[in-house]
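See below for the structure under consideration.
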Amino acid sequence: MLMNSFRHGGDVWQGKDPGDWIDFSANLNPEGTPEKMMDEIKNSIEEIGFYPDQNMWEAKKNISVFLRCDMLNVLPANGGIGALQLIVECERPQKAIIIEPSFLEYKRLSINAGAEIIRIPMLKNDSIIWDVNRIKKEMTCDSMIFICSPSNPLGNLVERKLLADLIEHSEKIGGKILLDEAFIDYCDERCSARDLIGRFDSLIIIGSFTKMFAIPGVRLGYVLASKESIDKYQKHMMPWMLSAQAVGASRALPGLRDFAEQSRIKNNHLREDLASKLSKLGFKVFDSEGSYLLVKIKDDNIQLDIIEKRLKEYKILIRNCSNYECLGERYFRVGVKSDRENRILIESLKKVLSDLNKEGK
Numbered sequence: 000m001l002m003n004s005f006r007h008g009g010d011v012w013q014g015k016d017p018g019d020w021i022d023f024s025a026n027l028n029p030e031g032t033p034e035k036m037m038d039e040i041k042n043s044i045e046e047i048g049f050y051p052d053q054n055m056w057e058a059k060k061n062i063s064v065f066l067r068c069d070m071l072n073v074l075p076a077n078g079g080i081g082a083l084q085l086i087v088e089c090e091r092p093q094k095a096i097i098i099e100p101s102f103l104e105y106k107r108l109s110i111n112a113g114a115e116i117i118r119i120p121m122l123k124n125d126s127i128i129w130d131v132n133r134i135k136k137e138m139t140c141d142s143m144i145f146i147c148s149p150s151n152p153l154g155n156l157v158e159r160k161l162l163a164d165l166i167e168h169s170e171k172i173g174g175k176i177l178l179d180e181a182f183i184d185y186c187d188e189r190c191s192a193r194d195l196i197g198r199f200d201s202l203i204i205i206g207s208f209t210k211m212f213a214i215p216g217v218r219l220g221y222v223l224a225s226k227e228s229i230d231k232y233q234k235h236m237m238p239w240m241l242s243a244q245a246v247g248a249s250r251a252l253p254g255l256r257d258f259a260e261q262s263r264i265k266n267n268h269l270r271e272d273l274a275s276k277l278s279k280l281g282f283k284v285f286d287s288e289g290s291y292l293l294v295k296i297k298d299d300n301i302q303l304d305i306i307e308k309r310l311k312e313y314k315i316l317i318r319n320c321s322n323y324e325c326l327g328e329r330y331f332r333v334g335v336k337s338d339r340e341n342r343i344l345i346e347s348l349k350k351v352l353s354d355l356n357k358e359g360k
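Take the sequence shown: its letter number 154 is residue 153 in numbering that gives the first Met the number 0, and every next letter is one higher.
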């Protein structure tokens, strides 16, 4: 039951070959891993006979160049979840304030750390409403707020003015704000709060290169924080946090900003096209700034578990969102994939819906 409550997308291992699936449950760049990064990963095989550099200087430099931030404010991590786990274990907040619906690992890791869980809904009657007054009321000197921007699974960005308001309040009382920018590379660079790092001790940003560069098996993420916080986190973390392949992947980062920008532009076009086609099928589609769409079944006679099961017959996976707070058994998420794959999803959904209507389900 517990594992089911915290299940994630990307479970392509339920068949003989993970390549058999068209996986819309994961949010990876349909362009795939850029050739330059793949070459660096392959070349890093020569280094597997050596322990990686514990200080991770090379990876720090490469990540800082890509993100355009000070190297002293960067700490590489074993993926975005590795970064998240490090922060929660090191800070050990007494109270975890989670803006829901959001990434399930905030809750799981906070529970493991012994924190009291405070859930504050952001979605009410399918509208996004930030209850800033309640958030501030819950904030204490030993609390941590978890905010994802763009959020997962909704895809909305936190407004800069709202974030600044929370940071100002957090600076006064001594709490922490953890801002998860795992999908920020799909947004305009000005949407990131990276420029605030180093100016406020209460702000911690985590991120990942998994989504933009389609490297979930490599595990490369990062923490951005004040120099003092970075020093503290690095002393706390396990040695050899990055594999040789992760360090190799980082070597390609300084030369991949154009790739990321072109992917962002293409994703925006594909996302809008997919959203339009899903809407025409009768679904409610939420606006998104990420590489995914949250979708709601409006027809009370259609069950999500049946749609999910029927799509698997077409070798298509979607992300059932029934285990997210504030959502229910009518919501699912789909990643934005290539135009060809998106068309396959739409045509498959048309067939599924047609069959269900004929069957009266």
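All residues carry an ideal CB built from backbone N, CA and C; glycine is no exception.
Item to check | Unbroken beta strand (DSSP E) run spanning C89, endpoints | outcome: Locating residue 89 in the sequence shown gives position 90, counting from the first residue. Note, C89: premise wrong, no beta strand (DSSP E); alpha helix (DSSP H) at G78 to E90.
Checklist entry - Cβ of Y185 within 8 Å of Cβ of C89? => result Locating residue 185 in the sequence shown gives position 186, where the first residue counts as 1. Locating residue 89 in the sequence shown gives position 90, where the first residue counts as 1. Contact: no.
Item to check | K226 - containing alpha helix (DSSP H), residue span | outcome: For the purposes of this step, residue 226 is taken as residue 227 along the sequence shown, with counting starting at 1. Taken as a continuous stretch (DSSP letters only), the alpha helix (DSSP H) holding K226 covers K226 to H235.
Checklist entry - Span of the alpha helix (DSSP H) holding F65? => result The residue given as residue 65 occupies position 66 in the sequence shown. W56 to L66 is the span of the alpha helix (DSSP H), which, as asked, contains F65.
Checklist entry - Quick one: Cα of A76 to Cα of M237, how far? => result On the sequence shown, position 77 is the one that residue 76 refers to. On the sequence shown, position 238 is the one that residue 237 refers to. Roughly 10 Å separates the two Cα atoms.
Checklist entry - So is C140 buried or exposed if we call it buried at 16+ other beta carbons inside 10 Å? => result For the purposes of this step, residue 140 is identified with residue 141 of the sequence shown, where counting begins at 1. With fewer than 16 Cβ atoms within 10 Å of its Cβ, C140 is classed as exposed.
Checklist entry - Which same chain residues, not among the five before or five after P33, have their C-beta less than 8 Å away from its C-beta? => result Start at 1 with the first residue of the sequence shown, and residue 33 comes out as number 34. Excluding five sequence positions before and after P33, the CB atoms of its chain that fall closer than 8 Å to its own CB belong to F212, A251, L255 and F258, given in chain order.
Checklist entry - N124: buried (16+ other C-beta within 10 angstroms of its C-beta) or exposed? => result As a position in the sequence shown, residue 124 is number 125, starting the count at 1. Exposed is the call here.
Next on the checklist: With a threshold of 8 Å, are at least 3 pairs of Cβ atoms found where one atom belongs to the stretch 40-54 and the other to the stretch 257-271?
Outcome noted: Of all C-beta pairs linking the stretch 40-54 to the stretch 257-271, fewer than three are shorter than 8 Å, placing the two stretches out of contact.
Next on the checklist: Counting C-beta neighbours from all protein chains within 10 Å, is the total for M132 16 or more, i.e. buried, or is it exposed?
Outcome noted: If you number the sequence shown from 1, residue 132 lands on position 133. Looking at the sequence itself, residue 132 is Asn, so the reference to Met does not match. That one is exposed.
Checklist entry - Going by DSSP, what residues sit across from E283 in a beta bridge? => result Counting from one through the sequence shown, the residue named residue 283 turns up at place 284. Rather than Glu, the amino acid found at residue 283 in this sequence is Lys. In the DSSP output, where bridge partners are listed per residue, K283 has K295.
Checklist entry - Pairing CB atoms from the stretch 147-159 with CB atoms from the stretch 287-296, are three or more of them under 8 Å? => result As far as the Cβ criterion goes, the stretch 147-159 touches the stretch 287-296, which means the pair count is three or higher.
Checklist entry - Bridge partners of K175, per DSSP? => result Your numbering for residue 175 matches position 176 in the sequence shown. Beta-bridge pairing by DSSP links K175 to M143.
Item to check | Environment of Y330 [buried if 16+ CB atoms lie within 10 Å] | outcome: Numbered from 1 along the sequence shown, position 331 holds the residue referred to as residue 330. Buried is the call here.
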